[in-house]
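Per the numbering used here, the sequence shown runs over residues 536 to 909. Virtual Cβ for every residue (Gly too), placed ideally from N, Cα, C.
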Amino acid sequence: MLHFKLAQRIVSLIAAMVMIFAFALQTAALDEKYRFDELKMAVSVPRDYYVITRDSDRNDDAFKALNLGYDETMIAFRNSDIWLRAYDPDQIFWLSVIVTTTDESKTINNYSDISASDRKDILENIKNEATVNSAVEVKHNNNIFFDSSGKTESSGRKLYFEQSNTVINGMQIDLVLQKYDEEINPSESKALTNMANSLEFDNIKRTTGPIFEWWRLLLWVAILAGLAFALSILYRQRNAANRRKLQERRHKREIEQVKKEGKPIPEEDRVTFDEALGYEDDEQFESRSLTDLDTYNIKVAQKDPNHGVSYFEDSGDSIDDGTDYFDTYFSEPAETRKGFARFFGTVGTYIKLGFKRLGYFFTNLKRKLFKKKK
């Protein structure tokens, strides 16, 4: 009994799969593919539509059903770059495949190759057309299209249309659905979408498009070269600064050793009055005002917006560097800062320090670039 039920289930499953497969085949058979060797492109149209192409035979039943003359139709096709026209069985609306090749379409090559900003410009141009009511960028079968809709006048009648525009392989392809007197309904609009999704190409040739231009490449090369040059300058400056600091520390140790041995400090290592303070004599120093603090040629022991500024003027007593003029130490206490004032004061200090170091960099860079050869 158990085996019988299992067999029933298997048979039911196979029958369902067969039905699904048969339905898929029937659905696929509803469309007929039309190939254009010259364009290396194909498009599918429902089998029950009346279809005319440039390759249609003079005796094709479609001409009689649509009451169209063969010669006049072929002339109109070639003058308007029409490759296919398909009418629904009730002849309420018709679909056209229009393909043109221009210098502009060759330059674009594929809508997928151009930038989003360029596509936006194209879309805006379509929207600005007098007969267009709306336009959007979409994808049909992974190809970029601009779908638009609107209406116009033809032979004194209102002509409604929907259009899917794309550029593929340097060809501008316009799929157009048209209908007289009545607006296009969703089921009719679906016919245009199906046609756009059915487009096939022997090979879609993708390129880098106009985005890739030699001047852009050269610009990036120049930027990278400039950045590498600037980094090399910074690296050399850092090494030079480290060497100077090492030499200064070594020289300081040598001076300390000279002092320990009780020998006189060499003249070139002594700090003179002018060098230490920036004043010519005692009278000028004593008459200085607090506003002169910024011009002092003195050493700053501490500078922080949250702690104040401390200075010392060498006297030879606290720091023996060969001078013996004053023993002066003074400081400017910082005002108590809290909250935002403290935060912005600190940020301002670091910004100022950053600009100062940036100035050093460009000054040294200028010296490197424009130094005179001796």
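query: Coil, strand or helix - Glu848 by DSSP; result: With a pLDDT of 49 at Glu848, under the threshold of 50, the predicted position of this residue should be treated as unreliable, though the coordinate-derived value follows. Here Glu848 sits in strand by DSSP.
query: Straight-line gap, Asn645 to Asp656 (C-alpha atoms, nearest Å); result: 15 Å
query: Nearest residue (CA-CA) to Pro624, options Thr636, Thr588, Ala600 and Phe878; result: Ala600
query: As assigned by DSSP and simplified to three states, the class of Glu789; result: helix
query: Cβ neighbour criterion (16 or more within 10 Å) applied to Glu697; result: buried
query: Proximity below 7 Å, CB of Glu567 to CB of Val580; result: yes
query: Rounded separation between Leu754 and Phe764 - CA only; result: 15 Å
query: Pairwise C-alpha distance: Ser683 and His675; result: 14 Å
query: Exposure label - Leu648; buried when at least 16 CB within 10 Å; result: Sequence check: residue 648 is Asp here, not Leu. When all chains shown are included, Asp648 counts as buried.
query: Selected residue, minimal CA-CA separation from Glu659, among Ser650, Ala670 and Thr666; result: Ala670
query: Minimum C-alpha distance to Tyr715 - residue among Ala760, Asn668, Ile627 and Gln707; result: Ile627
query: According to DSSP, residues forming a beta bridge with Thr588; result: Leu619
query: Neighbourhood of Thr701 by C-beta, 7 Å cutoff - its chain only, sequence neighbours within 5 removed; result: Tyr646, Asn678, Ile679, Phe680 and Ile708
query: Closest Cα partner of Asn732 within the set Arg892, Val673 and Thr884; result: Val673
query: Of the listed residues Asn777, Phe905, Lys903 and Phe571, nearest to Phe736 (C-alpha basis); result: Phe571
query: Gln626, DSSP secondary structure in three states; result: coil
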